[in-house]
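A.B. asks:
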Amino acid sequence: MSWEIQGTYFENCSCDMICPCSTSGLTVAADTERCTVALAFHIDAGASDGVDLSGRTVCMLADAPAMMMDGGWKAALLVDDQASEEQTNALNAIFGGQVGGPLADLAPLIGEMVGGGPAPIEYADDGFTHTVRVGDMVDLSVQDFVSGLDPTGKGIRVSGVGFPADTLAAGTATVAKVNAFGLVWETSGKNSFSAPFAWSA
3 MSWEIQGTYF ENCSCDMICP CSTSGLTVAA DTERCTVALA FHIDAGASDG VDLSGRTVCM
63 LADAPAMMMD GGWKAALLVD DQASEEQTNA LNAIFGGQVG GPLADLAPLI GEMVGGGPAP
123 IEYADDGFTH TVRVGDMVDL SVQDFVSGLD PTGKGIRVSG VGFPADTLAA GTATVAKVNA
183 FGLVWETSGK NSFSAPFAWS A
């Protein structure tokens with residue numbers, strides 16, 4: 003199977019600000035006893051073995067130890083309910099790490115898939131404010147930091163991260179509520195990252 007996708011992504015986690023997990027390549031512990039994270043990916047363009055994936059959205063949820071490399075994550079994968087069966091199968095394989103790409107390295111860290119499946123997903127991104135709602139399970143909105151002292155207005159960036167993109171915009175969640183498959187948290191005011199992404203395998 004060959005595939006490629008590109009689009010925009012954002013996440014919120016339980017760390018206070020500039021998550022040490024992501025920015026250390028998972029070599030430093032989270033700010034909290036458990037790391038809880040929600041990631042939303044919207045595909046602007048892409049395909050897998052001829053199946054068009056453009057316009058589809060995926061939301062990933064995980065509850066992990068503070069040292070994320072210890073593994074044993076509890077995770078869930080929610081796929082846009084507007085996806086066809088072929089699209090859903092392709093997205094599950096890509097985001098489950100079964101067909102190579104960036105998520106293949108993370109898949110062994112997952113100890114239990116606690117749930118998932120099709121869900122109504124609403125995704126919005128204006129470049130600085132990023133929002134996703136997944137039925138009554140996920141309500142997440144984050145805002146990138148933009149300094150009034152920066153004449154470019156581009157916002158604060160963290161480089162050299164690698165996953166899910168090399169350069170991430172740092173920010174904070176204005177709303178962050180998750181209640182899905184026993185994964186329950188409220189992390190408003192905590193760390194967020196956003197970025198365009200492009201993956202293939």
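Mapping of the sequence shown onto the numbering used here: residues 3 to 203, in sequence order.
Built from N, CA and C at the ideal position, the CB exists for glycine as well.
S24: buried (16+ other C-beta within 10 angstroms of its C-beta) or exposed?
C.D. replies: buried
A.B. asks: Does the count of Cβ pairs from the stretch 160-169 and the stretch 190-199 closer than 8 Å reach three?
C.D. replies: yes
A.B. asks: Taking the alpha helix (DSSP H) that E88 belongs to, which residues open and close that run?
C.D. replies: 87-97
A.B. asks: Quick check on S115: buried or exposed, where buried means 16 or more other Cβ atoms within 10 Å of its Cβ?
C.D. replies: Before going further, note that residue 115 is Met rather than Ser in the sequence given. It counts as exposed.
A.B. asks: What residue range is occupied by the uninterrupted alpha helix (DSSP H) comprising C23?
C.D. replies: 22-25
A.B. asks: Below 8 Å between beta carbons: does that hold for A68 and V140?
C.D. replies: no
A.B. asks: Taking the continuous beta strand (DSSP E) assigned at E35, which residues delimit it?
C.D. replies: According to the DSSP assignment, E35 belongs to no beta strand (DSSP E), since it is labelled neither H nor E.
A.B. asks: Grouping DSSP H, G and I as helix and E and B as strand, with all else coil, what is A203?
C.D. replies: coil
A.B. asks: Out of A178, A77, A92, V30, point me to the one whose CA is closest to R58's CA.
C.D. replies: Closest in alpha carbon position to R58, among A178, A77, A92, V30, is A92.
A.B. asks: Which residues bound the beta strand (DSSP E) around V60?
C.D. replies: 59-67
A.B. asks: Taking the C-alpha atoms as reference points, what is the distance between V53 and Q100?
C.D. replies: 17 Å
A.B. asks: Please go through the same chain and pick out, in chain order, the residues whose beta-carbon is closer than 6 Å to the beta-carbon of V60, but skip the five residues on each side of it.
C.D. replies: F43, V81, L93, F97
A.B. asks: For the beta strand (DSSP E) that contains L79, what are its first and last residues?
C.D. replies: 75-82
A.B. asks: Output yes or no for whether 8 Å exceeds the beta carbon distance between D146 and A171.
C.D. replies: yes
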